[in-house]
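S.K.: Pasting a structure below so you can have a look.
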Amino acid sequence: MLTKNFFLAYITVNVIVSGFAQTDQNGNQEQPGTGTLSEFKVIEQKTANLRPVTTYESPISNLDFDPRVDMQGRNMAEAQGDLSIRGGTFENTGIRVGSASLLDPQTGHYSTELPIAPEMLTEPEIFTGAANALHGFNSNVGTVSYKWSEITQRGSATIGGGDHNLNFQRVHNAWTGPYQGSTEWTWGAETEISRSESDGTIPYGDHNFDRTTGRIQLLGPESQTDFFAGYQSKFFGWPEMYAAPYGSNETEYIKTRLILLNHQQSYGNRSHWEATAYHRRNSDHYIYNRFSPNNNFIHETKVASLALSGLHEIDENKAVNYAGQFTGDEIRSTKLENSFTDRSYYKVSIVPEYIHSLGNQEELIFKFGASLDDTNRDNSKVSPVAEISWKKTDKQGHFEHAYVSCTQSTRVLGYGAIGGSPSGLFASDPDLLREISKNIELGYTLKEADWHMKGALFYRWDNDLVDWTYDSNNTNARSAKNVDIETVGIEIIASRTWNKLQTIASYSYLHKDEDYKDATIDGSFYALNFPEHRATLGFIWNPNDLLEIRIDNEWREQQANPLREGPSNTLNSHLAASYYPAHLNDIEVFVAFDKPWDEEFQDIPGTPGRGDQFSLGATYSW
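Residue numbering for the sequence shown follows this note's numbering, beginning at 574 and increasing consecutively.
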């Protein structure tokens, strides 16, 4: 079934792409124009540190201190990191690579299992509001979106270690050259191998990770094609990882394989499209107590997907934004086969836009459209997408952008919430409803040559949001329940660059009103685990050509939660420094210290905090 659905989706997308291709008067396809594709730009860095202290580098490593994303970790972020945006949960946050969202149909806990070297991707963009309603797939609150980077000829080898018997190694190499002697076309190839192991910052918090990746790229004046294959295996333990508060010493063994083909194409003035096809296979072996290995949960999911997104310019004032993704999935499980074990679902979004010039480099942009979600295991849903924005720019580097958006997005549930037993350690419910989120957002951005500021005010209604809850009178550790939540929030991000110093600061506020419609619920593990106040501050300081100092800080005041043990507020820091010896070309020596204040703050209520970690290493680049 999975293969058949994928083949049908491939034919559909090709028809759509052909329909958007420009033709001349005789019906022949025109050659791509000379326009540039602004969507391909590299998104600026939002944290001081990209390299983690505790394990090998991953695309999600620097999201721990990202002001736009809340990372809630078990063990280290690279072990198991739950991402949430604007008070959402890990389930309704999407991960997009190219034009496709990479799904894990079992649970959003594994959405961050990305067997991809970080050099292969750009810095992430965070989609909310209209952008998420248009491009997000099965992510009704927000999406972390990556683009494939251009391959440059380079290489590096890293070795390091630290306390708690930490050791890590990494090798990356890339090659480029002209394609068939062309001056406009180039080919590129890169490969990477990484590994990391440690006894853990707390007892039974050990890990052992391996990753192997490779990519081939063909780059033209208006196109980029990438073929990628990656494999990752991870073993890690953490007390009360999922089953708090029962005092278990849990472990997990995850293997992820990903094959992906991506193509970006620009044509005309500002028209462009991007297509992505991938196959993802994830194997999960969870053991409730490492000293009783027979009490385990084994799952394997397969996902095949095809996606298309882009913008087609009709004239200088009118254009059509579009996005579509078709996905088929399968699950084989020892615990989650009490209902269906495969499904297909798709989403299509069409959002026309009209640009009205106000003169003096000012313009109004109107976007009004809709999206359609459908699946063979649930009803379809049509959702409106609307945004009005104002932009002003000048040649001196001044830029202003203000917008208001009103959108709706939906999500079908994972097998973990609907496919298991209604009793036991993790209680599922096959009658849980589709999540529906309505969002109103106001935002403003101001950029100057060396500083910028961005702010947003939003109000979101989440209907039938799925949460994992606790009932002290029930033997179940957790139960999946629907909840209605209203969320109001404010976020402000500002950055400034001086000659030798870069800074990024942020503040966010969240408030929620919830209705579980169930008086037996005593606590929420996820939906009500959010920072009411959160502030970040990062520095990158280069006092001279030989030294770089990087500091990330995060302070948060978490909403009160009866399941949390210890403090409800914390200050997290990541301190790092790099030294480039003048007499040793292409050598970097680095030190790093994570959580130096040795806080015991629990990211997830009932799950122990991760403790402090020190590391030292060196990188040779060529």
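Cβ coordinates follow ideal geometry from the N, Cα and C atoms, glycine included. Predicted model only: the values in this text are computed from it and were never measured.
1. What separation, rounded to the nearest whole angstrom, lies between the Cα atoms of H974 and G1016?
2. In whole angstroms, give me the CA-to-CA distance for A877 and N835.
3. Quick one: what's D1086 bridged to in DSSP?
4. Can you name, in chain order, every residue of its own chain whose Cβ lies under 6 Å from the Cβ of Y1080, other than the five neighbours on each side?
5. Buried or exposed, going by whether 16 or more other CB atoms sit within 10 Å of the CB of V955?
6. Sort out for me which residues DSSP pairs G646 with in a bridge.
7. Could you give the residue range of the alpha helix (DSSP H) that holds I991?
8. Look up Y826 in the DSSP assignment and say whether it is helix, strand or coil.
9. In or out: F913 buried (at least 16 other Cβ within 10 Å) or exposed?
10. Between which two residues does the beta strand (DSSP E) harbouring G810 extend?
11. Any chance the region 1109 to 1119 sits against the region 1134 to 1144, with 3 or more Cβ pairs inside 8 Å?
12. Between N862 and S962, what straight-line distance do the alpha-carbon atoms span, to the nearest angstrom?
13. Measure the beta-carbon distance from W1128 to L1144 and round it to whole angstroms, keeping in mind my assumption that it falls under 8 Å.
14. Measuring alpha carbon to alpha carbon, tell me which of Q1131, D1088, V1164 ends up nearest H1106.
15. Determine, using beta carbons only, whether E795 and Y840 come nearer to each other than 8 Å.
16. Do you know offhand how far K965's Cα is from I1124's?
17. For N1102, which of helix, strand or coil comes out of DSSP?
18. If the criterion is Cβ atoms closer than 8 Å, does the pair T785 and G810 meet it?
19. Just the C-alpha distance for E696 and A621, rounded to the nearest angstrom, thanks.
20. Measure from the alpha carbon of N1117 to the alpha carbon of each residue in N1072, D1095, S1146, then state which is nearest.
21. For the alpha helix (DSSP H) containing L707, name the first residue and the last one.
22. Residue range of the beta strand (DSSP E) that R669 falls in?
23. Sort A880, G1096, L909 by Cα distance to N1227 and report the nearest one.
24. For a test of the three-state rule: what should DSSP assign to P691, helix, strand or coil?
25. Return the chain-ordered list of same chain residues with a C-beta closer than 8 Å to the C-beta of L1119, the five sequence neighbours on each side being excluded.
26. DSSP on S1194, reduced to helix/strand/coil?
27. Where does S1081 sit, in a helix, a strand or coil, going by DSSP?
28. Exposed or buried, which one is Y629 when buried takes at least 16 other CB atoms within 10 Å?
29. Taking the Cβ atom as the reference point for each residue, do S674 and G715 lie within a distance shorter than 8 Å?
30. Given that a residue counts as buried once 16 or more other Cβ atoms are within 10 Å of its Cβ, and exposed if not, what is F919?
31. Is D1167 buried or exposed, if buried means 16 or more other CB atoms sit within 10 Å of its CB?
32. Could you say which of T749, H971, E765 lies nearest to W758 if we only look at CA atoms?
33. Ordered along the chain, which non-local residues of its own chain (more than five positions away) have a Cβ less than 7 Å from that of Y1193?
34. Going by C-alpha to C-alpha distance, which of N933, D967, N911, I938 sits closest to S994?
35. From the DSSP secondary-structure annotation, give me the bridge partner or partners of E936.
36. Nearest CA to the CA of D902: which residue from Y1089, K875, K1020?
M.R.: Looking at the atomic coordinates:
1. Reading the sequence shown from its first residue, position 401 is the one you call residue 974. Reading the sequence shown from its first residue, position 443 is the one you call residue 1016. Their Cα atoms are separated by approximately 8 Å.
2. The residue given as residue 877 occupies position 304 in the sequence shown. The residue given as residue 835 occupies position 262 in the sequence shown. So the two alpha carbons sit approximately 14 Å from each other.
3. Within the sequence shown, numbered from 1, the residue matching residue 1086 stands at position 513. D1086 pairs with E1059.
4. The residue given as residue 1080 occupies position 507 in the sequence shown. The answer, listed in chain order, is I1065, A1108.
5. In the sequence shown, counting from the first residue as 1, residue 955 sits at position 382. Exposed.
6. Looking up residue 646 in the sequence shown gives position 73. In the DSSP output, where bridge partners are listed per residue, G646 has G654.
7. Walking along the sequence shown from the start, residue 991 turns up at place 418. Unbroken alpha helix (DSSP H) run through I991: 988 to 991.
8. Indexing the sequence shown from 1 puts residue 826 at position 253. In this structure, Y826 counts as strand in the three-state DSSP scheme.
9. Numbered from 1 along the sequence shown, position 340 holds the residue referred to as residue 913. The residue in question, F913, is exposed, as its Cβ has fewer than 16 Cβ neighbours within 10 Å.
10. Along the sequence shown, read from residue 1 onward, the residue named residue 810 stands at position 237. Taken as a continuous stretch (DSSP letters only), the beta strand (DSSP E) holding G810 covers 796 to 812.
11. no
12. Stepping through the sequence shown from its first residue, residue 862 is reached at position 289. Stepping through the sequence shown from its first residue, residue 962 is reached at position 389. The straight-line gap from Cα to Cα measures roughly 53 Å.
13. Your numbering for residue 1128 matches position 555 in the sequence shown. Your numbering for residue 1144 matches position 571 in the sequence shown. Sure, about 5 Å apart at Cβ, within 8 Å.
14. As a first step, residue 1106 is located in the sequence shown; it is residue number 533 there, counting from the start. Minimum Cα distance to H1106 is reached at Q1131.
15. The count along the sequence shown starts at 1 and reaches residue 795 at position 222. The count along the sequence shown starts at 1 and reaches residue 840 at position 267. Result yes, Cβ atoms of E795 and Y840 sit closer than 8 Å.
16. For the purposes of this step, residue 965 is taken as residue 392 along the sequence shown, with counting starting at 1. For the purposes of this step, residue 1124 is taken as residue 551 along the sequence shown, with counting starting at 1. Approximately 34 Å, taken between the alpha carbons.
17. Within the sequence shown, the letter at position 529 stands for residue 1102. In this structure, N1102 counts as coil in the three-state DSSP scheme.
18. Working through the sequence shown from its first residue, we reach residue 785 at position 212. Working through the sequence shown from its first residue, we reach residue 810 at position 237. In this structure, G810 does not lie closer than 8 Å to T785 by Cβ.
19. Translated into positions along the sequence shown, residue 696 becomes position 123. Translated into positions along the sequence shown, residue 621 becomes position 48. In a straight line, the C-alpha of E696 is about 13 Å away from that of A621.
20. Taking the first residue of the sequence shown as position 1, residue 1117 is located at position 544. Nearest option by C-alpha distance: N1072.
21. To locate residue 707, count along the sequence shown from 1; it is residue 134. That run of the alpha helix (DSSP H) goes 702 to 708.
22. In the sequence shown, counting from the first residue as 1, residue 669 sits at position 96. 666 to 670 is the span of the beta strand (DSSP E), which, as asked, contains R669.
23. Coverage of the chain is limited to positions 574 through 1195, which leaves residue 1227 absent and any answer about it impossible.
24. To locate residue 691, count along the sequence shown from 1; it is residue 118. P691: helix per DSSP, three-state reduction.
25. Along the sequence shown, read from residue 1 onward, the residue named residue 1119 stands at position 546. Y1152, Y1153, P1154, A1155, listed in sequence order.
26. Position 621 of the sequence shown, counting from 1, holds the residue named residue 1194. Strand at S1194.
27. Taking the sequence shown and counting its residues from 1, the one referred to as residue 1081 is at position 508. In the structure shown, S1081 sits in a strand (DSSP, three-state: E or B).
28. Here residue 629 refers to the residue found at position 56 when the sequence shown is read from its first residue. So Y629 ends up on the buried side.
29. By one-based count along the sequence shown, residue 674 stands at place 101. By one-based count along the sequence shown, residue 715 stands at place 142. Not in contact: S674 and G715 (Cβ atoms no closer than 8 Å).
30. As a first step, residue 919 must be located in the sequence shown, where it is residue number 346. It should be noted that the sequence gives Tyr, not Phe, for residue 919. It is buried - the Cβ of Y919 has at least 16 other Cβ atoms within 10 Å.
31. Counting from 1 along the sequence shown, the entry for residue 1167 is found at position 594. So D1167 counts as buried.
32. Working through the sequence shown from its first residue, we reach residue 758 at position 185. Here the closest residue by C-alpha is T749.
33. Along the sequence shown, one-based indexing puts residue 1193 at 620. Same-chain partners within the cutoff: S729, A730, D1159, I1160.
34. Here residue 994 is taken as the residue at index 421 of the sequence shown, counted from 1. Ranking N933, D967, N911, I938 by Cα distance to S994 puts N911 first.
35. As a first step, residue 936 is located in the sequence shown; it is residue number 363 there, counting from the start. For E936, which the question treats as bridged, DSSP gives the partners S930, K964.
36. Taking the first residue of the sequence shown as position 1, residue 902 is located at position 329. Selected option, being the one with the closest Cα: K875.
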